[in-house]
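Take a look at the structure below.
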Amino acid sequence: PDKAMIEERINIHPKFKKMAVGGAPDVRVIVFNNVPVMAMLRLPTEESGGKANLHQGAIGLGIDLATGITTYGVYKNESIKYFPDTNKKVNGITIPHWDKILRMSVETQMASRLAYLSVDMLIDAENGPVVLELNDQPGLSIQIANMQGLRKRLERVEGILVDTPEKGVRIAKTLFALEFANRVKFDTQEKKQVKVIDRVRIKPHKGKRVSVDVKVDTGAFSTSIDRSFAEKLGLLSDEHVLLTRKFKSALGEETRKLIGVDFVLKGRIIKTCASVTGRSHLQYNMIIGRRDLKGFLVDPLIDDEMINVRK
């Protein structure tokens, strides 16, 4: 008797039907140490014969890991901002099921036990992401598509203990978010004004948000929080600690934990990575760095009312 091989049919997601020619597009995610470090969307073309292979003429679009939105493109090893022979920009395309794609990429690496690999996925119209294949030696064109180098990203996550897919995804979104990520939801809104001394509502490990006065410091790149205060909120548990890193300061070199923090500032929810340090000798338990101030206007004048309230 004859033998037949039966494969599942993948129906192209409606999002990509007008973009892909003659074949199914796929999403490639490079994962290292259980953390997604870079991703791109590969679109087949007539030239590539319907295959999502960049070396055969497919188009690759870099993807911001925090938002799942395309950024730059690569075609025939050259960086592009527009689709070939059109005036349509390659950026601004939202990838469906993005969080699930990232989580599945980490789960796949954990199952494979490969330290470094790319995970290629198709997005089915009904079932969502489906793992297509793994590659332990993926090509490097993904760097052109993202206008970013892989080496620095790999170094940032090397040695971090990542024991769950969810933690790996949180680390990726925190470390590798592009500058526009915090503006995605706010570009159409009026910029809100914050003061040098302002108030946020921070989400503890359990319970309702806690109001706390903070210092807005544009001289600091990232947000930091007092160790004792973070411990009181339950934010030093393994669930919130993303990684540990050495920092250099005027007092020398010290090791700090970086934790995931969720707070509300002027009605906006901000999820960020904050360094944990000793601030008990300072007036405020938390400072907001400029990385988390995109979309805000900072009033440089000290607010006497806030100072009096604190007293």
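When you number the sequence shown by this note's numbering, it's gap-free, plus one each residue, and the end is 317.
Backbone N, C-alpha and C fix where the C-beta goes; we use that ideal spot for every residue, glycine too.
Expected contact under 8 Å - CB spacing of residue i and residue j to nearest Å
i: Tyr-78; j: Met-153; result: 5 Å
i: Gln-115; j: Val-37; result: 4 Å
Length of the line joining the Cα atoms of residue i and residue j
i: Phe-22; j: Ala-30; result: 8 Å
i: Glu-172; j: Met-110; result: 10 Å
i: Lys-263; j: Ser-281; result: 6 Å
i: Glu-53; j: Ala-64; result: 7 Å
i: Lys-300; j: Lys-95; result: 24 Å
i: Asp-307; j: Ser-230; result: Per the sequence presented here, residue 307 reads as Leu, with Asp not at that position. Those two C-alpha atoms are separated by around 22 Å.
i: Thr-92; j: Lys-82; result: 16 Å
i: Glu-237; j: Arg-119; result: 34 Å
i: Met-46; j: Glu-164; result: 21 Å
i: Ile-203; j: Lys-221; result: 5 Å
i: Ile-86; j: Arg-48; result: 14 Å
i: Ala-117; j: Asn-39; result: 12 Å
i: Val-304; j: Tyr-290; result: 18 Å
Own chain, CB closer than 6 Å to residue i, minus 5 neighbours either side, in chain order
i: Lys-209; result: Arg-215 and Asp-268
Closest Cα partner of residue i within the set the options
i: Leu-138; options: Ile-16, Met-292, Ile-293 and Leu-156; result: Ile-16
i: Lys-277; options: Asp-204, Val-202, Glu-259 and Ser-228; result: Ser-228
i: His-61; options: His-19, Asn-141, Leu-146 and Asp-91; result: Leu-146
i: Asn-141; options: Ile-12, Arg-207 and Met-127; result: Met-127
i: Gly-134; options: Val-206, Arg-274, Cys-279 and Asp-32; result: Asp-32
i: Asp-219; options: Leu-288, Arg-296 and Ala-226; result: Leu-288
i: Arg-233; options: Arg-285, Gln-199 and Arg-34; result: Arg-285
i: Arg-34; options: Gly-174, Ile-129 and Gly-55; result: Ile-129
i: Lys-158; options: Val-168, Leu-167 and Phe-182; result: Phe-182
i: Asp-244; options: Tyr-122, Ile-166, Phe-302 and Lys-201; result: Ile-166
i: Tyr-122; options: Val-43, Asp-169, Lys-106 and Leu-108; result: Val-43
Where the alpha helix (DSSP H) containing residue i begins and where it ends
i: Ala-151; result: 148–152
i: Pro-102; result: Run containing Pro-102: none; DSSP gives neither H nor E here.
i: Leu-156; result: 156–163
i: Leu-228; result: The question names Leu, yet the displayed sequence has Ser at residue 228. Neither: Ser-228 is in no alpha helix (DSSP H) and is coded neither H nor E.
i: Pro-50; result: Counting along the chain, Pro-50 falls outside any alpha helix (DSSP H), and DSSP gives it neither H nor E.
Own chain residues within Cβ distance below 7 Å of residue i, not counting five before or after
i: Gln-149; result: Gly-155 and Leu-156
i: Gly-240; result: Pro-210, His-211 and Lys-212
i: Gly-74; result: Thr-100, Ile-101 and Trp-104
i: Thr-51; result: Val-27, Gly-63, Ala-64 and Ile-65
i: Tyr-88; result: Lys-94, Lys-95 and Val-96
i: Leu-248; result: Arg-176, Ile-177, Thr-180, Leu-264, Ile-265, Gly-266 and Cys-279
i: Ala-151; result: Met-46, Gly-66, Leu-67, Gly-68, Tyr-78, Gly-79 and Val-80
beta-carbon residue i near the ligand PLP non-hydrogen atom, thresh 7 Å
i: Glu-53; result: Ligands are entirely absent from the displayed structure, and the ligand PLP is therefore not among its contents.
N- and C-terminal bounds of the beta strand (DSSP E) containing residue i
i: Lys-300; result: Premise fails: Lys-300 is in no beta strand (DSSP E) and is neither H nor E.
i: Val-200; result: 198–201
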